[in-house]
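**Q** Residue numbers (my numbering): -13 to 418. Note that CB positions come from ideal geometry on N, CA and C, so glycine has one too. On a predicted model such as this, the values are computed, not experimentally measured, just so you know.
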Amino acid sequence: MLVAATLLSMTTAVTSLQQPAGTTGYHWVDTWTAMPQLTEFANLPNPPFNETDSVFFNSTIRQTIHTSIGGGTIRLRISNAFGLNDLPITAVTVALPVNGSAGVSTIIPNTVKQLTFSGNESITIPNAGLAVSDPIEFNIGAQSNLAVTIYLAGGQASNYITSHPGSRVTSWYTFGNQISAANITGPDVQSVAHWFFISALEVWAPRASSAFAIVGDSITDGRESDNNENDRWPDNLLKRMQTNKATSNIAVLNQAAGGNRVLEDGLGPAALGRIDRDVLSQSGVKYAMIFEGVNDLGDAPLTVANLTFTTDRLIQAYKQMSTRIHAFGIPFFAATITPFGAPNSTIQPYSSAMRETYRQQVNAFVRDSGGVFDAVVDFDAILRDPMNHTQLNPLFNSGDYLHPNEAGYELIANEFPLNWFTEFSGGVNGFV
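1) If you check the beta carbons only, do I261 and I205 fall under 8 Å apart?
2) For a quick check, are the C-beta atoms of W14 and T53 less than 8 Å apart?
3) Counting along the chain, where does the beta strand (DSSP E) carrying F318 start and finish?
4) Could you tell me the alpha carbon to alpha carbon distance between Y273 and T38, rounded to whole angstroms?
5) Check Y273 in the structure and name its three-state DSSP category.
6) In this structure, what does DSSP give as the bridge partners for V189?
7) From T229, Q164, N96 and A242, pick the residue whose C-alpha is nearest to that of P220; which is it?
8) What is the DSSP secondary structure of G254, reduced to helix, strand or coil?
9) What is the DSSP secondary structure of Q306, reduced to helix, strand or coil?
10) By alpha-carbon positions, which one of V84, W190, S338 and G244 ends up nearest to G11?
11) Using the Cα positions of G244 and F410, report the straight-line distance between them to the nearest angstrom.
12) Please confirm whether E188 and S104 have their CB atoms less than 8 Å apart.
13) Please state the DSSP three-state secondary structure of E26.
14) Using CA coordinates, which residue listed in K305, D360 and I64 is at the minimum distance from V414?
15) Whose C-beta lies closer than 6 Å to the C-beta of F43 among residues of the same chain, with five residues either side of it excluded?
16) So for A139, helix, strand or coil by DSSP?
17) V123 by DSSP, collapsed to three states: which one?
18) Is V271 closer than 8 Å to A199 when the C-beta atoms are compared?
19) What three-state label does DSSP hand D386 in the structure shown?
20) Which residue from F417, D371 and A168 puts its Cα closest to that of T316?
21) Just checking my contact of L70 with N113 at CB under 8 Å: how many whole Å lie between their CB atoms?
22) Can you tell me which of T25, T322, R341 and Q377 puts its alpha carbon nearest to the alpha carbon of F351?
23) When the Cα atoms are used, what is the spatial distance from A209 to A7?
24) Straight-line CA distance for L224 to V238?
25) For D120, which residues of its own chain have a beta-carbon under 6 Å away from its beta-carbon, when the five flanking residues on both sides are left out?
26) From the DSSP output, in three-state form, read off N106 for me.
27) Taking only the alpha-carbon atoms, compute the straight-line gap between V0 and V118 and give it to the nearest angstrom.
28) Could you please give the first and the last residue of the uninterrupted beta strand (DSSP E) stretch that includes P74?
29) Grab me the residues of Q4's own chain with a C-beta within less than 7 Å of its C-beta, minus the 5 sequence neighbours each way, in chain order.
30) Does the beta-carbon distance from T148 to S65 come in below 8 Å?
31) Look up D371 in the DSSP assignment and give the residues it is bridged to.
What follows is the structure, given as structure tokens:
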């Protein structure tokens, strides 16, 4: 009887938003994503929000995300991909932040809307699971910020949780249920530039709308860009695309993580192993790109045998990605690996004449892949020092000889060929 009563209660709670009038032929398109990864212990919230086998007990987390394309109906994805046990979500709201700003703790109260999950305000997401909220009517513009506020009454009973530490956007958390509060307050309020649990926002968009998923590492994740400014190179590319009629309906999805590698797990799962999750399983993806491999070369032991093995595997991995992406008719773009040479290996540990040789080998394949990539942008040629091709141009070097500075991020976004999106709008042959 108890089971039957529970099922009846859950069934009667379900209320579905009817498909909005005039949207026949629409489909779901991701407008924002963050690559889920296992949270390193150093990136867990500080105590008292992090205790032994307990994270975010009785806590409210307010986070800001930046959309690509707009829409009038949205839904949210919450990930427990790396949790070892259940993630009990008590309640979630969305709202517009004050002044439309990123990284603020304040929202406009009359814009607050509560999310439901299959008709229920709460949901328990099992380990490795994903939850998608019910659609709600909520007008969100292109390139605008949205506040997502989550309350966890019991927290997650583990120190292994899912997050994206490289958000470059400030998140706020406090004790108690403050999902609809105008401001996150309390004596224990903390802030940190991480995203926790959220992995995608989708909009119900016309069939002509689509998404461009970029798989990458810290250069795409925005290392050395500015917090709360949304000026990573994919953000800068989005700004260009929004001013171009032919590309203004294409979302840019940043599926990158600092330290990520193609071949091995580490800071996030290996790119080869996450293509299905981060590209093929995302809503509305019509174009895909890989700009990754520097950490595979940089972390490989410094011997000819190891670097030869890594280079061969890296090229094979690109081919495997291409096979899987092309099977869906999705064009697959690539960028060459940018320089990481430095005056010495103390300044930049990756710097080595031997590693440079293998970077050149990988880039030679990328430039002339024989159809593995449908188009290639030569970020190496764009960013390298014209007097020393092993190093970044001093004008675009952030100082660590690996990551571009703001000017570098703007340059590669400006050099990205927008005509590709028209050229490959019909997709590609899925045979290879």
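**A** Answer, in terms of the structure:
1) no
2) no
3) F318 to A321
4) 43 Å
5) strand
6) V15 and I60
7) A242
8) strand
9) helix
10) W190
11) 29 Å
12) no
13) coil
14) D360
15) G141
16) coil
17) Residue 123 is actually Glu in this sequence, not Val. In the structure shown, E123 sits in a strand (DSSP, three-state: E or B).
18) yes
19) coil
20) In the sequence as presented, Thr is not what sits at residue 316; that position holds Ile. The residue with the shortest Cα to Cα distance from I316 is F417.
21) 6 Å
22) T322
23) According to the sequence provided, residue 209 is Arg. The question's Ala does not apply to it. Looking at the two C-alpha atoms, the distance is approximately 43 Å.
24) 6 Å
25) T102
26) strand
27) Any reading at V0 must be qualified, since the residue scores a pLDDT of 47, below 50, and its modelled position is unreliable; the value itself is stated next. Their Cα atoms are separated by approximately 14 Å.
28) L73 to I75
29) none
30) yes
31) N374
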